[in-house]
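Okay, so the sequence shown: first residue is 52 according to this note's numbering, each after it adds one.
Yeah, the Cβ is synthetic: ideal placement off N, Cα and C, and Gly gets one too.
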Amino acid sequence: MHALSVERTIDAAPEAVFDAFIALYDSDRPDWVVDSSLDLRVGGRWSVAFQVPDGPAFREERTITALDRPHLLEYAVTAVYGGVPTFDTTVQVTIDGGRVRLAQQGFPAPETRDVFAGAWPDVLAELDRRVSGRPS
């Protein structure tokens, strides 16, 4: 199985970063997140539908496996393309002071991992923009 890890330093309180990360996929979604349903508790389900630019529409069916706001969020993911579950991964988001680290593992192939590895830095940049108040 293949894994990725990305980090970014964000100059904001951990609570603000955590809440902005959740909002990014739920209440304050960018255009590429087209739908979301969240039950934010351990064992809760989180369904997120995506339409990324120049990419296929897909959905992630997530189950929250660990939650320690504002320092830790972990969830199991089943990626669904064309209505068919295609692979499972796990995601761990840790916020330690201003350092945000995202790790995702379980990709079936390096090519799949690389697609996600290319997107996560942009997600963290958007998160930074939102909590810092800087224009895009």
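Option nearest residue i by Cα separation, candidates the options
{"i": "H53", "options": "V174, A117, A154", "result": "A154"}
{"i": "F101", "options": "D77, T114, A168", "result": "D77"}
{"i": "I146", "options": "E112, S98, L178, P81", "result": "L178"}
{"i": "I61", "options": "G149, G134, T116", "result": "G149"}
{"i": "E58", "options": "T116, D173, A117, A108", "result": "D173"}
{"i": "R152", "options": "G133, D165, S98, P121", "result": "P121"}
{"i": "F109", "options": "G94, A63, L175, G134", "result": "G134"}
{"i": "D82", "options": "L124, I115, V103, T137", "result": "V103"}
{"i": "P136", "options": "G169, R113, G94", "result": "R113"}
{"i": "G106", "options": "L124, Y132, G94, L123", "result": "Y132"}
{"i": "G95", "options": "A170, L75, Q156, T116", "result": "T116"}
Backbone secondary structure at residue i - three-state DSSP
{"i": "L91", "result": "coil"}
{"i": "R59", "result": "strand"}
{"i": "S183", "result": "helix"}
{"i": "R164", "result": "helix"}
{"i": "W171", "result": "helix"}
{"i": "A64", "result": "coil"}
{"i": "D86", "result": "strand"}
{"i": "D70", "result": "helix"}
Per-residue burial, residue i [other beta carbons within 10 Å of its own, 16 or more giving buried]
{"i": "R92", "result": "exposed"}
{"i": "A63", "result": "buried"}
{"i": "R181", "result": "buried"}
{"i": "V99", "result": "buried"}
{"i": "E111", "result": "buried"}
{"i": "R164", "result": "buried"}
Residues bridged to residue i [DSSP beta-bridge criterion]
{"i": "H53", "result": "F158"}
{"i": "I115", "result": "Y126"}
{"i": "Y132", "result": "F109, V135"}
{"i": "A100", "result": "D86, R110"}
Counting Cβ pairs, one atom from each stretch, are 3 or more of them under 8 angstroms apart for the stretch 62-70 and the stretch 83-95?
No, because fewer than three Cβ pairs between the stretch 62-70 and the stretch 83-95 fall closer than 8 angstroms, the two stretches do not touch.
For the pair the stretch 117-132 and the stretch 141-152, tell me if three or more CB-CB distances fall below 8 angstroms.
Result yes; three or more Cβ-Cβ pairs closer than 8 angstroms.
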